[in-house]
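**Q** I'd like to ask some things about the structure below.
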Amino acid sequence: MKLLNPKLDFVFKKLLAGDTGILTDLLNSVLKLPKTRRIGSVTVKNPIILPEEITQKYIVLDILATDKSGKNYEIEMQIRSYESYPKRALFYLSRIYAGQLDAGEDYEKLKPVIGIHFLDYEMFADTKDFYFRFAMRDVRYPELRLTEDMTLHIVELPKFERIRKTGQKKGGLGEWLHFFNHAHEEDKTMRTAYKNPAIHKAFDALENLSADETVRHLARVREDALRNERSELFYAEKRGEKRGEKRGEKRGEKRGEKRGEYIGKINLVQQLLKHPVTPKKVLTGKSLKDLGIILKQLEAELKAGIVMQG
10 MKLLNPKLDF
20 VFKKLLAGDT
30 GILTDLLNSV
40 LKLPKTRRIG
50 SVTVKNPIIL
60 PEEITQKYIV
70 LDILATDKSG
80 KNYEIEMQIR
90 SYESYPKRAL
100 FYLSRIYAGQ
110 LDAGEDYEKL
120 KPVIGIHFLD
130 YEMFADTKDF
140 YFRFAMRDVR
150 YPELRLTEDM
160 TLHIVELPKF
170 ERIRKTGQKK
180 GGLGEWLHFF
190 NHAHEEDKTM
200 RTAYKNPAIH
210 KAFDALENLS
220 ADETVRHLAR
230 VREDALRNER
240 SELFYAEKRG
250 EKRGEKRGEK
260 RGEKRGEKRG
270 EYIGKINLVQ
280 QLLKHPVTPK
290 KVLTGKSLKD
300 LGIILKQLEA
310 ELKAGIVMQG
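The numbering of the sequence shown is this note's numbering, which starts it at 10 and goes up by one.
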């Protein structure tokens, strides 16, 4: 049986949110805390992935967790590169930080927020390192820290792979990064090379997920959603280039974008419900109003199925 790819954000979240012991070990490996300060355990605040999240465009399937001291962790696998990522990352962390307080509450109640993002692309291609830690420090005097309440750790998986091949040793965080890059390709004999017991446990969990037909189906649906998203971004860029030449077509273009969005969602929800997928040629002939009605009916059926399963 071929294992699912742990770099797919859906699989990544199912794997780590489903076992806090595995997640805790990964956090300790990234943060490299001394033994006296290592994280003992965490609680995942958003363990459930709703079906509509799998098909929703531009959504981030992250993991939100807290430890016993109240520190907040936002962990995600970022498999697509886009220009607004730095702003989005900062916005997410800021929202988690601000969301800890209700109106009138004391700022002293605020607990640190730590972002840990694994990128399946190279964001800082001109640097030799694959691991980065961003914090609030003075530009001239880096040893001066305003606060440790918000930090962002970024790990570039492809660059780690490139560096490792030229002498970078595995061990600690390196074993986890190798796992994310290759777990879906390795057989049981190759797995014996891992020293970390938590990674062996992660392999067992990944095998169980991969053996679940529902999980495999949802993983395929998620892959389709991400593929459609990439296509939309590509064609949106192409349309943007033409827009300057054809401003008179602006209104028709917006209708076309909306129609494409409806059709993509309808097909994805149909796959999720395991219904026959309506050919795009058929849907293209329908009005925006009709497409909206079809999508609402399918989403209602999807939610009804979730309630019955619950």
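Glycine included, every Cβ here is placed at the ideal spot set by N, Cα and C. It should be emphasised that the depicted structure is a prediction, and the values quoted were computed from it without experimental measurement.
Evaluate contact between the region 75-92 and the region 44-57, counting only Cβ atoms and requiring at least three cross-stretch pairs below 8 Å.
**A** The region 75-92, when compared against the region 44-57, does touch it at the 8 Å Cβ threshold.
**Q** What does the alpha-carbon distance come out to for the pair Pro95 and Ala309?
**A** Using only the alpha carbons, I get a separation of about 35 Å.
**Q** Whose CA, out of Arg225, Asp18, Met159, Arg142, lies closest to the CA of Leu281?
**A** Nearest C-alpha to Leu281: Arg225.
**Q** In the structure shown, what three-state DSSP assignment does Thr136 receive?
**A** The answer is coil: DSSP assigns Thr136 none of H, G, I, E or B.
**Q** Please name the residue, chosen from Gly181, Glu216, Arg173, that lies closest to Glu194 on a Cα-to-Cα basis.
**A** With distances taken between Cα atoms, Glu194 lies closest to Glu216.
**Q** Expressed to the nearest angstrom, what Euclidean distance is found between the alpha-carbon atoms of Lys312 and Ile275?
**A** Looking at the two C-alpha atoms, the distance is approximately 14 Å.
**Q** With a threshold of 7 Å on Cβ separation, who are the neighbours of Asn37 within its own chain once the five nearest residues in sequence on each side are excluded?
**A** Once the five neighbours on either side are set aside, the close Cβ partners of Asn37 are Arg47, Ile48.
**Q** Under a three-way DSSP split, which group does Tyr82 fall into?
**A** DSSP places Tyr82 in strand when its eight states are reduced to three.
**Q** If you draw a straight line from the alpha carbon of Gln306 to that of Ala26, how long is it in whole angstroms?
**A** Rounded to whole angstroms, Gln306 to Ala26 spans 31 Å at the Cα level.
**Q** According to DSSP, is Glu61 helix, strand or coil?
**A** It is helical.
**Q** By DSSP, does Glu159 sit in helix, in strand, or in coil?
**A** The identity of residue 159 in the sequence shown is Met, whereas the question assumes Glu. DSSP places Met159 in strand when its eight states are reduced to three.
**Q** For Ile105 and Met199, I'd like the C-alpha separation in whole angstroms.
**A** Distance between the alpha carbons of Ile105 and Met199: 40 Å.
**Q** Where does Lys23 land, buried or exposed, given buried means 16+ other C-beta within 10 angstroms?
**A** By the 10 Å Cβ count, Lys23 comes out buried.
**Q** So, with DSSP's three-state summary, where would you put Gly88?
**A** The sequence as given places Ile at residue 88; Gly does not occur at that position. Of the three classes helix, strand and coil, the one that applies to Ile88 here is coil, per DSSP.
**Q** Restricting to Cα atoms, I'd like to know which of Val122, Thr156, Asp71 is closest to Asn81.
**A** Of the listed residues, the one whose Cα sits closest to Asn81 is Val122.
**Q** Can you say whether Glu117 is buried or exposed, counting buried as having 16 or more other CB atoms within 10 angstroms of its CB?
**A** Exposed is the call here.
**Q** Hey, is the region 203-211 in contact with the region 140-159, meaning 3+ C-beta pairs nearer than 8 Å?
**A** These segments do not touch.
**Q** Taking Asp196 as part of the beta strand (DSSP E), name the residues at either end of that continuous run.
**A** That residue, Asp196, is in no beta strand (DSSP E); it is neither H nor E in DSSP.
**Q** Just to confirm, are Arg268 and Leu304 a CB contact at a threshold of 8 Å?
**A** The answer is no: Cβ separation not under 8 Å.
**Q** As a quick exercise: from Lys283, Leu227, Ile172, pick the residue whose alpha carbon is nearest that of Asp138.
**A** Out of Lys283, Leu227, Ile172, Ile172 has the C-alpha closest to the C-alpha of Asp138.
**Q** According to DSSP, which residues form a beta bridge with Arg154?
**A** Paired residue(s): Arg146.
**Q** Whole angstroms are fine: how far does the CA of Glu232 sit from the CA of Gln177?
**A** Residue placement at Gln177 is poorly supported in this model, since its pLDDT is 49, which falls under 50; the coordinates are not used for a value here.
**Q** Excluding sequence positions up to five away, which residues of its chain have a Cβ less than 8 Å from the Cβ of Glu131?
**A** So the list reads Glu165, Pro167, Lys168, once near-sequence residues are dropped.
**Q** From Leu347 to Leu218, what distance separates their C-alpha atoms?
**A** With the chain running from 10 to 319 in the structure shown, residue 347 is simply not present.
**Q** Would you mind sorting Val39 into buried or exposed? The rule is 16 or more other CB atoms within 10 Å of its CB.
**A** Classification for Val39: buried.
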